[in-house]
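Everything below concerns the one structure shown next.
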Amino acid sequence: MSITVPKNHSAIAAVGNVACTDIEDDDIEMHLLIADNDDLKQKSGAKKKSEEGLVQRLLLRIDERSNVKVLMRMWGPRLEFVVRLMLVATFLDDSLHTVAHFSEHTKQIKLVGVVAPIALGIGLLAQFFGVICLLMRFQSDYATIALICWMITQPVLYGQLSNFEFVAESLSVIGGLLMLRAHLVFKQTNHGCGKHTQLLGRLLLPTMYLYYAGLFFFSASSLDETSDLVVYVSSLSMFFVNTAMLLGLVICSTLIATGLKSRLVAFLLALVNLGFVFYQHPFFRYIWREDGEWKYDEDNMSMPGVALPTDISPSDVVFDPLQIYNLHRYYFFLGLSTSGALLLLAQFGPGEIAIQEDEILLPVVARAQD
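Per this note's numbering, the sequence shown starts with residue 112, numbered consecutively.
In structure tokens:
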């Protein structure tokens with residue numbers, strides 16, 4: 112059998128060559144697209160790695176020596192207990208001091224007759240019951256209610272409603288108790304009120320910092336007129352410092368209230384507040400034992416803020432060193448409880464009603480597998 116070759120075989124060969132060239136071009140374009148996609152993935156991965164930041168790199172170094180997940184599983188419950196202990200520190204200290212000086216506390220309460228010791232006794236039982244139950248995680252519902260009620264009643268009983276610093280710190284502690292209540296009570300039972308309770312607690316947390324922001328605002332707005340250049344420069348520099356502190360506190364309070372980067376901000380504010388408390392109220396440095404007697408550092412003990420009755424002027428009142436020491440001790444543990452409240456937000460998160468509900472405080476560390 113013979114095969115007839117068409118006369119236009121050269122044209123067919125040319126078409127074949129063109130088709131092969133097109134296929135090769137398509138292959139080259141596909142390889143380029145794959146390479147570009149790989150480059151995009153690498154750039155995206157590099158960007159993610161750059162966003163991990165210092166915390167991720169630090170955790171990776173720790174994870175090379177020990178498993179971070181195992182450490183968190185081991186120390187997580189201990190850290191949670193420490194945070195709860197910090198939150199109830201002011202109640203524990205106040206209850207122990209009340210037992211030791213019950214008669215003195217009854218004289219400070221603005222009630223007459225037998226009502227004062229009865230009210231103080233109820234408050235003492237509420238604090239004891241609340242502290243022990245929260246530390247043991249037993250009857251957390253009634254424990255948080257008891258401590259919140261005492262925190263609200265205390266400024267009224269002691270006549271400290273005009274002491275705005277005391278009231279602001281008390282509201283911040285109440286915010287921490289509400290967040291703890293949302294976690295221990297409502298979250299365990301999947302109750303719908305938990306998210307609203309956590310929101311209310313988060314809104315109350317920055318109350319103390321809003322109070323300090325107000326102080327910085329008044330300091331920044333009260334510039335004295337002077338003709339001395341040195342005094343003017345010093346006053347102007349303090350104006351910029353107060354303005355910067357004011358803006359920083361307002362921004363941090365807003366972030367906490369709205370739930371945007373609230374865990375990180377709360378953690379940083381807790382550390383700053385701890386440093387401030389140890390600097391401003393180091394009561395343990397103001398007392399020592401000498402020749403069988405307690406001595407007080409009267410030269411370095413400044414008078415903390417305290418509200419006096421309207422009919423008494425500050426010049427008519429003389430505080431002895433023991434009273435000043437007790438005020439520093441009380442404000443120290445109150446600030447410690449405020450830091451504990453902020454750490455609760457850093458630990459549990461802002462809750463469901465927040466701009467950034469699923470904020471991650473510590474990035475996930477993946478161990479390299481060989």
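Yeah, the Cβ is synthetic: ideal placement off N, Cα and C, and Gly gets one too.
Is the CB-CB distance between residue i and residue j below 8 Å?
i: TYR322; j: CYS363; result: no
i: GLY370; j: ARG313; result: yes
i: LEU445; j: THR217; result: no
i: TYR397; j: TYR441; result: no
i: GLU276; j: GLY187; result: no
i: PHE327; j: MET356; result: yes
i: ALA331; j: THR354; result: yes
i: GLY462; j: GLN309; result: yes
i: VAL242; j: SER214; result: no
i: GLY305; j: ALA293; result: yes
i: ALA230; j: LEU222; result: yes
Between which residues of its own chain and residue i is the CB-CB distance below 7 Å, once the five residues before and five after are set aside?
i: GLY460; result: ARG374, GLU470
i: ILE259; result: ILE285, LEU288
i: LEU455; result: VAL194, LEU198, GLY287, MET290, LEU291
i: LEU472; result: ARG374, LEU375, PHE378, ALA457
i: GLU409; result: PRO432
i: LEU311; result: LEU289
i: GLY386; result: none
i: SER283; result: LEU315, LEU316, THR318, MET319, THR449, ALA452
i: PRO228; result: THR217
i: HIS142; result: For HIS142, the predicted structure reports a pLDDT of 47, less than 50, and the residue's modelled location is therefore unreliable. A value from the coordinates is still provided. Excluding positions up to five away in sequence, the list is empty.
According to DSSP, is residue i part of a helix, a strand, or is it coil?
i: TYR269; result: coil
i: GLU470; result: coil
i: TYR397; result: coil
i: LYS406; result: strand
i: LEU144; result: Any reading at LEU144 needs caution, since the residue's pLDDT is 42, under 50, leaving its predicted position unreliable; the model's value is listed next. Helix at LEU144.
i: LEU317; result: It is worth fixing the name first, because residue 317 is Pro in this sequence and not Leu. Coil, per DSSP.
i: PRO461; result: coil
i: LEU371; result: coil
i: PRO415; result: coil
i: LYS221; result: coil
i: SER251; result: helix
i: HIS212; result: coil
i: ASP431; result: coil
i: VAL199; result: coil
i: ASN353; result: helix
i: HIS392; result: coil
i: ASN384; result: helix
i: SER333; result: coil
i: ASN274; result: coil
Measure how close the beta-carbons of residue i and residue j come, nearest whole angstrom, since I'm counting them as under 8 Å.
i: ILE263; j: LEU316; result: Going by Cβ atoms, the distance from ILE263 to LEU316 rounds to 16 Å, so no, they are not a contact pair.
i: LEU235; j: THR209; result: 5 Å
i: MET414; j: PHE430; result: 7 Å
i: ALA279; j: THR318; result: 5 Å
Sorted by chain position, which residues of the same chain lie with C-beta nearer than 8 Å to residue i's C-beta, five sequence neighbours on each side aside?
i: LEU246; result: PHE192, ARG195, LEU196, VAL199
i: PHE394; result: TYR436, HIS439, ARG440, PHE443
i: THR486; result: Residue 486 is absent from the model: the chain starts at 112 and stops at 481.
i: MET412; result: TYR397, PRO432, ILE435, TYR436, HIS439
i: ILE464; result: LYS306, HIS307, GLN309, LEU310, GLY370
i: HIS392; result: PRO415, HIS439, ARG440, TYR442, PHE443, GLY446
Using C-beta distances below 6 Å, list every residue in its chain close to residue i, excluding the 5 sequence neighbours before and after it, in chain order.
i: ILE466; result: THR369, GLY370, LEU371
i: VAL376; result: CYS363, LEU366, ILE367
i: MET203; result: Per the sequence shown, the amino acid found at residue 203 is Leu instead of Met. These residues qualify, in order along the chain: VAL242.
i: ILE134; result: Unreliable placement is indicated for ILE134, whose pLDDT of 46 sits below 50; the coordinate value is still reported in the next sentence. So the list is empty, once near-sequence residues are dropped.
i: SER281; result: MET262
i: LYS154; result: For LYS154, the predicted structure reports a pLDDT of 48, less than 50, and the residue's modelled location is therefore unreliable. A value from the coordinates is still provided. If we look at LYS154 and ignore the five residues flanking it on each side, it has no Cβ neighbours.
i: PHE239; result: SER206
i: SER113; result: For SER113, the predicted structure reports a pLDDT of 42, less than 50, and the residue's modelled location is therefore unreliable. The matter cannot be settled from this model.
i: MET185; result: none
i: LYS406; result: TRP399
i: PHE351; result: none
Shorter than 8 Å from the beta carbon of residue i to some beta carbon of chain C?
i: ILE233; result: Here chain C cannot be found, since the structure has a single protein chain.
**OP:** Mind the definition here: the segment 236–251 touches the segment 266–279 only if three or more C-beta pairs lie below 8 Å; say whether that holds.
**Re:** The answer is no - the segment 266–279 does not touch the segment 236–251, with fewer than three Cβ pairs under 8 Å.
Original post:
Between the segment 375–382 and the segment 449–458, do three or more beta carbon pairs fall short of 8 Å?
Top reply: Between the segment 375–382 and the segment 449–458 there are three or more C-beta pairs closer than 8 Å, enough to call the two in contact.
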